[in-house]
Each structure stands twice: as structure tokens, then as C-alpha cells.
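Chemist: Input: one structure, supplied below.
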Amino acid sequence: DVEDSQSHASGRLRLHAVTELGLEHLMPLLVDYLDGHPDVSVDLTLAQGTPALLEEGLDVLITLGRTLPDSTLVARDLGQVFSVVCAAPEYLARHGVPRTPEDLLRHRCLNVAAPSCPQGWAFVGERGETLLDLDEALKVNLPEAACAAAAAGLGVCLLPGFVAARALQEGSLLRLLPGHRLHVREVFVLYSSRRYLDAKIRTWVDFLRERLPLAFERDRAILDDRRYWAESPTGVARETAT
């Protein structure tokens, strides 16, 4: 009944999230959530874009954007993410390490066409923004595919930080131009205000607000760790030829 649904999390929870964010962070979190709420079952859709929550019969969706979505839904900010530039050590050993954004004009570049990586190479650093029009040898709609191509040595890749972090830790990629960030986005969880009283929705949203920012902090610590930069002693030191 209504009173029970408000006090005890149970029933089917219908979720939607951007693919790459779902693969990297939501799946591990869902395991923990379901372990703590055994009477809840989940329908999770991972796809690019943001569907209409109510029209699609969803309970909660997670999306990325520069600003708070203009919506009648309740939106909670879960943290900030951004993209970074990476390449495989083997590629850098052959072609050199770019030290400025402009150096990428002499490199084979890979990009992602996804909500977490809008079009363009707009580098934000201490001196402001640098916008470059780079020839792209490969563009794919999933960051994980671009990450795999970069790890295989195809070229310099632009990746969401939460995707790059794992590859940096594994040693298949090194971070380039660490003084610059690209595609800074906020991560929002959206839900209907009138549905928040439902315990399964409330407990999932509260769980996300507690755990996802911690995951982003761990990603940021990896991205900021000099051991994973091409400039580090364990990285590649050869400059890009001029």
C-alpha cells in the first residue's frame, strides 16, 4: 500500500543514465544499493541523450550539463566532471609528448561524440580558453571505444576523466596537458517531486548523493597524480618535434 511504499524500499526502480557514466560508476554502485535493499529490482537503460522522464515511465535519470536543466523535475547536483587528453606510452615514444594544445596540430587525434564530450577541443587553462580545430582520425560515440583505440596506440584521445582514470591506473594511457581541462560538466540526478516519497526512489537518490561525489573525488585524485602524467619520470619525456 501507499504507506508501506513510503517506508520500505521495494518494487521495480526504472533508471536511465548516460552510457559511459553508467558503465564506469553506476554499475558498481547498483550492486551495493541492491545488496542493501533486497526487495528492490532495477530496470536500467544506458544510452546517449536524455529522455523525457515522465513520458518514458522512468523514476530517476542521471544526465550531464553545463547548468541546471530547465525542467519541472527536481534536480540535484552530484558533482563536476571534465575531459582530459591522453595517449598510450608507445604512441608518445614514437611521436613525442605535446606540451601545448597547439602541439596537437601535429598529432593524430581521436574524439568522442557523446553527451560527456560535446563537439570541439576547447582547452581551459591558466591563460583562459584555447579553441582548436583539429583533424580527427577517429570519432566514435562511446568513450570506451576511443579509449581502446588510444590504448592501442592510434593517437591522442580526448576522454571524460571518469573514463580515463581507469586506463591511467592500468598504465595503458598517460595524461597529457595536465594544466588544461575540457568539457566541464555538472552531473545531475532528476526525479519527480511527487514520486520522492516512494522509498525506493528516495533511498536511491540519497544513495547517489552520498556515493557518486566520492567516486568523482577518486577520479580527480588519479587525474591529478603526477605518476600518471606523461611529464612524470615514469612517463615519456621526449618532446614533440618542432
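The numbering of the sequence shown is the UniProt record's numbering, which starts it at 1 and goes up by one.
Cβ coordinates follow ideal geometry from the N, Cα and C atoms, glycine included.
Just so we're clear, the structure is a prediction, and the values are computed from it rather than from any experiment.
So what's Glu-129 in DSSP terms, helix, strand or just coil?
Modeler: strand
Chemist: Between Cys-157 and the rest of its own chain, which residues show a CB-CB distance below 6 Å, the 5 nearest in sequence each way excluded?
Modeler: Cys-86, Leu-110, Ala-146, Ala-150
Chemist: Could you tell me whether any non-hydrogen atom of the ligand COA is closer than 7 Å to the CB of Cys-147?
Modeler: The ligand COA is not part of this structure, which contains no ligands at all.
Chemist: Would DSSP call Pro-51 helix, strand or coil?
Modeler: The answer is coil: DSSP assigns Pro-51 none of H, G, I, E or B.
Chemist: Less than 8 Å between the beta carbons of residue 243 and Phe-188, yes or no?
Modeler: In the structure as shown, the chain begins at 1 and stops at 242. Residue 243 is therefore absent and cannot be evaluated.
Chemist: Here's a check: name, in chain order, each residue in its chain whose Cβ is nearer than 8 Å to the Cβ of Gln-80, leaving out the five neighbours to either side.
Modeler: Val-184, Arg-185, Glu-186, Val-187, Phe-216
Chemist: With distance defined between alpha-carbon atoms, name the residue in Ser-83, Thr-67, Phe-123 nearest to Glu-20.
Modeler: Ser-83
Chemist: Do the CB positions of Pro-101 and Thr-130 come within less than 8 Å of each other?
Modeler: yes
Chemist: Distance, Cα to Cα, Ala-52 vs Leu-154?
Modeler: Going by C-alpha positions, Ala-52 is about 37 Å away from Leu-154.
Chemist: Grab the span of the beta strand (DSSP E) containing Cys-157 for me, first residue to last.
Modeler: Per DSSP, Cys-157 belongs to the beta strand (DSSP E) from 156-160.
Chemist: Mind checking whether Leu-73 and His-16 have CB atoms under 8 Å apart?
Modeler: no
Chemist: Can you give me the C-alpha to C-alpha distance between Glu-170 and Ser-7, rounded to a whole angstrom?
Modeler: 43 Å
Chemist: Buried or exposed: where does Glu-24 fall if 16 or more other Cβ atoms within 10 Å of its Cβ makes it buried?
Modeler: buried
Chemist: Between which two residues does the beta strand (DSSP E) containing residue 271 stretch?
Modeler: What the structure shows of the chain is the stretch from 1 to 242, and residue 271 is not part of that stretch, so it cannot be assessed.
Chemist: Rounded to whole angstroms, what is the Cα-Cα separation between Arg-14 and Arg-127?
Modeler: 44 Å
Chemist: Go ahead and label Arg-108 buried or exposed: buried means 16 or more other beta carbons lie within 10 angstroms of its beta carbon, across all protein chains shown.
Modeler: buried
Chemist: Do Ile-201 and Arg-195 come within 8 Å of each other at the CB atom, strictly closer than that value?
Modeler: yes
Chemist: What's the call for Leu-68, buried or exposed, on a 16-neighbour Cβ count within 10 Å?
Modeler: Exposed is the call here.
Chemist: By how many angstroms is the C-alpha of Asp-59 removed from the C-alpha of Trp-204?
Modeler: A direct Cα-Cα distance of roughly 10 Å separates Trp-204 from Asp-59.
Chemist: In the structure shown, what three-state DSSP assignment does Pro-211 receive?
Modeler: The amino acid occupying residue 211 in the given sequence is Arg; Pro does not appear at that position. Helix, per DSSP.
Chemist: Take Leu-104 and list the residues in its own chain whose beta-carbon comes closer than 8 Å to its own, dropping the five residues that flank it on each side.
Modeler: Val-85, Pro-98, Trp-121, Leu-132, Leu-134, Val-156
Chemist: From the DSSP output, in three-state form, read off Leu-142 for me.
Modeler: coil
Chemist: If you check the beta carbons only, do Ala-114 and Leu-92 fall under 8 Å apart?
Modeler: no
Chemist: Would you kindly work out how many angstroms separate the C-alpha atoms of Thr-242 and Ile-222, rounded to a whole number?
Modeler: In this prediction, Thr-242 has a pLDDT of 40, which is less than 50 and means its spatial position is unreliable; what the coordinates show is noted afterwards. Their backbone Cα atoms lie some 30 Å apart in a straight line.
Chemist: Around the C-beta of Leu-190, are 16 or more other C-beta atoms found within 10 angstroms, so that it is buried, or is it exposed?
Modeler: buried
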